[in-house]
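S.K.: Have a look at the structure that comes next, please.
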Amino acid sequence: MYRIGEALIGSGNEVAHIDLIIGDKEGNAGAAFANGLTNLSLGHTPLLSVVRPNLMTKPATLIVPKVTVSCLEDADKIFGPAQTAVARAVADSVEEGIIPEEKAEDLVVIVSVFIHPEAEDYRKIYQYNYGATKLALRRAMEGYPSVRKVLSEKDRGSHPIMGFRAVRLWNPPYLQVALDLDSMEEMERIINTLPDRERILLEAGTPLVKKFGVGVVRRIRELRRDAFIIADLKTLDVGRIEVKMAADETADAVAISGLGTVESIEKAIHEAQKQGIYSILDMMNVENFVDKLRGLKYKPDIVLLHRNVDLETLRAERGEELGEMSEWGNIREIKEILGPRGLVAVAGGITPSKMQEALDSGADIIVVGRYIIGSRDVRRAAEDFLEHMPQDPDTMRLPLDEDEAI
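Using the UniProt record's numbering, the first residue of the sequence shown is number 1, and each one after it goes up by one.
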């Protein structure tokens with residue numbers, strides 16, 4: 001039996017990232033420890049942690065460099081501040097009860113240590129690796145993180161080394177701005193004018209895609225690196241090819257026409273799943289779209305419903321019970337078909353005064369075109385809608401707020 005821990009502490013070239021395993025000497029961890037100590041690898045020579053020369057730690061701890069040690073200067077950082085930091089963190093963990101003292105002889109620890117080749121400050125190397133090792137040990141012994149924690153954070157977290165943020169739609173509602181334009185200059189003007197808000201989704205409208213190709217998504221990405229970008233392809237056929245083209249241009253989602261055959265729709269949705277992007281099924285002009293949605297084996301991530309005042313009026317004239325029927329249909333019924341993670345977008349002449357009705361009906365995404373892109377004050381027009389939405393997710397979250405409960 002063994003446990004796994006991880007921690008990242010610090011900044012700059014001296015940042016410390018620790019991955020470790022702690023487990024029984026007589027079990028899998030012990031076998032890995034012995035193999036690591038005896039199977040040497042060029043540039044990644046493992047070493048025992050010692051608090052000083054001739055005094056190894058208990059539990060016995062093996063340090064494995066993650067980054068290739070290519071010169072004596074690199075070796076000094078590992079054999080000096082990093083080795084000492086890991087050793088003292090292990091010893092202090094025993095003293096503080098993080099690792100039970102009575103188990104110290106029965107356990108082994110394997111620690112992977114990251115040292116940047118350009119790290120220079122030995123005190124920071126020591127300090128950051130000490131803190132990261134100790135935190136990783138505590139997390140391992142306490143079983144952190146829980147599965148529930150991982151699921152709650154997977155769509156909201158960002159990695160500092162990535163250089164960009166991969167946006168996921170984990171906390172609706174959102175405002176989708178439909179860039180139904182035929183001018184690249186106008187598109188750029190509008191994007192540069194829009195508020196830089198996480199709740200704004202940018203749609204490369206069908207006219208843009210038809211005139212400039214799906215590569216227009218890449219241009220939008222250059223203007224708004226971290227935006228959630230939708231390629232409105234209205235895919236009817238050869239969906240796999242078109243979805244892959246959009247994904248290759250870094251689209252986060254692709255719109256598929258609900259008028260296509262079930263086979264074509266499912267192939268496009270399956271390709272979106274394979275590419276790791278959202279699929280949007282556009283139900284414009286689709287009759288009995290509820291039945292069509294039910295008939296799909298592969299369900300889309302998002303269903304786009306268009307305003308259907310005629311249907312509502314007709315049912316009212318017939319004296320039929322409207323129940324949960326809105327101008328866009330029964331949104332809650334659609335969400336039941338999609339499942340707990342499914343989202344519903346609504347479109348069709350929505351103004352700020354109609355926004356609350358759409359949200360109250362269960363809509364997750366409000367699609368707006370002309371009201372914003374046709375406005376003389378694009379920013380103000382967008383803010384008219386954003387005023388009806390909560391702040392961006394995590395706005396009030398402290399950057400250094402610890403995950404562990406204390």
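The beta carbon of each residue, even a glycine, is placed where N, CA and C say it ideally should be.
Just checking my contact of Val15 with Gly43 at CB under 8 Å: how many whole Å lie between their CB atoms?
M.R.: The pair is not a contact, with the Cβ atoms about 20 Å apart (cut-off 8 Å).
S.K.: The alpha helix (DSSP H) spanning Gly138 covers which residue range?
M.R.: For clarity, residue 138 is Arg in the given sequence; the question names Gly instead. Unbroken alpha helix (DSSP H) run through Arg138: 122–142.
S.K.: I'd like to confirm the pairing. Which residues does DSSP put opposite Ala345 in its beta bridges?
M.R.: Answer is Leu304, Ile365, bridged to Ala345.
S.K.: Hey, could you find the ends of the beta strand (DSSP E) Asp226 is sitting in?
M.R.: Here Asp226 belongs to no beta strand (DSSP E), and DSSP marks it neither H nor E.
S.K.: Secondary structure at Leu322, three-state DSSP: helix, strand or coil?
M.R.: No answer about Leu322 holds up, because its pLDDT of 43 lies below 50 and its placement is not dependable.
S.K.: Indicate the three-state DSSP secondary structure (helix, strand or coil) for Pro173 in the structure shown.
M.R.: coil
S.K.: Measuring CB to CB, does Leu62 end up less than 8 Å from Gly36?
M.R.: Yes, they are a contact pair.
S.K.: I'd like the list of long-range same chain contacts for Lys77, defined as Cβ closer than 8 Å, with 5 residues on each side in sequence excluded.
M.R.: So the qualifying residues of the chain are Ile115, Ala119, Tyr122, Ile125.
S.K.: Starting from Ala91, trace the alpha helix (DSSP H) both ways and give me its first and last residue.
M.R.: 83–95
S.K.: By the three-class DSSP mapping on this structure, what secondary structure does Met355 have?
M.R.: helix
S.K.: Using a 10 Å radius around the Cβ and a threshold of 16 neighbouring Cβ atoms, would you call His17 buried or exposed?
M.R.: Answer is buried; the Cβ neighbour count reaches 16.
S.K.: Within a Cβ cutoff of 8 Å, which residues of the same chain sit near Val309, ignoring the five residues on either side of it in sequence?
M.R.: Bear in mind that the predicted position of Val309 carries a pLDDT of just 46, short of 50, making it too unreliable to give a figure here.
S.K.: Should Gln356 go down as buried or exposed, given a rule of 16 or more other Cβ atoms within 10 Å for buried?
M.R.: exposed
S.K.: Are the CB atoms of Pro173 and Ile365 nearer to each other than 8 Å?
M.R.: yes
S.K.: Looking at the unbroken beta strand (DSSP E) that takes in Ala214, where does it start and where does it end?
M.R.: Correcting the residue identity first, residue 214 is Val in this sequence and not Ala. Segment: none, Val214 is in no beta strand (DSSP E) and carries neither H nor E.
S.K.: Give the DSSP-derived three-state secondary structure of Lys234 in the structure shown.
M.R.: strand
S.K.: Under 8 Å Cβ to Cβ from Leu314, same chain only, skipping five residues before and after it: list those, please.
M.R.: Any reading at Leu314 is ruled out, since the residue's pLDDT is 47, under 50, leaving its predicted position unreliable.
S.K.: I need the straight-line Cα distance from Val86 to Ser146, nearest angstrom please.
M.R.: 25 Å
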